[in-house]
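Residue numbers (the numbering used here), protein chains in the order written: chain A, 1 to 110; chain B, 111 to 229. Note that beta-carbon positions come from the ideal geometry of N, C-alpha and C, so glycine has one too. All figures in this text were calculated on a predicted structure; none of them were measured in a lab. To start, the structure itself, in structure tokens.
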Amino acid sequence: GQQLNQSPQSMFIQEGEDVSMNCTSSSIFNTWLWYKQDPGEGPVLLIALYKAGELTSNGRLTAQFGITRKDSFLNISASIPSDVGIYFCAGRNNNNDMRFGAGTRLTVKP
Amino acid sequence: GAVVSQHPSRVICKSGTSVKIECRSLDFQATTMFWYRQFPKQSLMLMATSNEGSKATYEQGVEKDKFLINHASLTLSTLTVTSAHPEDSSFYICSARRRGGLSLSSEQYFGPGTRLTVT
């Protein structure tokens, strides 16, 4: 099946720093989603992208749907301690099949 | 909103018994519900997809007789782990989606998960 390559696997940053993570695929998706998961909780939807080239923001979060439709990135600006968690990208194809990346574990040091 | 609840949040059961997990969409009608399994420090693994009133579609390698899924209404799906064994211990997460076009309101929203421990 379609594989999503999410990187980096983990990040250790200082509070206030900006963060960037991305997902790539060998196949085309028509929707890219970004979720955040806190320990022991279910993933929470952060941003949804539906058009190639689309750039969408949600507070300090910004995500883009790559022009080739095979990649997406998520940026977090001015990180704060509550940004800690695991961020998952997800791509959905035109068969409505959704695949998840392996996740990026973010640690923010105060 | 799009709120999905799961019950119970944690369950401990003895090997050989069955456990039922409920997933409810609280403020929308979920035409499709999904069940995922997640191992520590790993991504979500889709187990099955169910549409209201239809039989669930299981992913390859998931035993349908062991993981019984019932999607009896537009707001409720249940996952029953039958004859549970210690290797079934995991974090089970449901997700729900309403029928619609490309918009946030028709995306997949997740429940808080159920931690199953089989002793």
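Checklist line | Alpha-carbon to alpha-carbon, A/F12 and A/T56 | finding: 25 Å
Item checked: Runs of alpha helix (DSSP H) lying entirely within the region 161-194 of chain B, each at least 4 residues, in chain order -> none
Notebook entry, point to check: Expressed to the nearest angstrom, what Euclidean distance is found between the alpha-carbon atoms of B/L136 and A/F100?
Noted result: 25 Å
Item checked: Candidates B/S215, B/R207, B/I203, B/L214: closest to B/I131 by CA position -> B/I203
Notebook entry, point to check: Per DSSP, which one or two residues make a beta bridge with A/K36?
Noted result: A/V44, A/Y87
Check: So which residues of chain B does A/F73 contact, with C-beta pairs closer than 7 Å?
Finding: Per Cβ cutoff of 7 Å: no residues; A/F73 is ~18 Å from chain B at best.
Check: Taking the C-alpha atoms as reference points, what is the distance between B/T185 and B/M143?
Finding: 9 Å
Next item on the list: For B/F149, I'd like the list of residues in its chain whose CB is within less than 8 Å of its CB, leaving aside the five on either flank, ordered along the chain.
Entry: M155, S200, F201
Next item on the list: Could you name the residues that DSSP lists as bridge partners for B/K124?
Entry: Paired residues: none, contrary to the question.
Next item on the list: Report all residues from its chain with a CB closer than 6 Å to the CB of B/G210; omit the five preceding and five following residues, and keep chain order.
Entry: S216
Checklist line | Through-space distance from A/V44 to B/V113, alpha-carbon basis | finding: 10 Å
Note to self: Any beta carbon from chain A within less than 9 Å of B/F177's own beta carbon?
What the structure shows: no
Checklist line | Top-ranked residue by Cα proximity to B/G221, from B/T188, B/T167, B/D175 | finding: B/T188
Note to self: Could you check whether the Cβ of A/P43 sits closer than 9 Å to any Cβ belonging to chain B?
What the structure shows: yes
Next item on the list: Kindly indicate if chain B contains any beta-carbon less than 9 Å away from that of A/Y50.
Entry: yes
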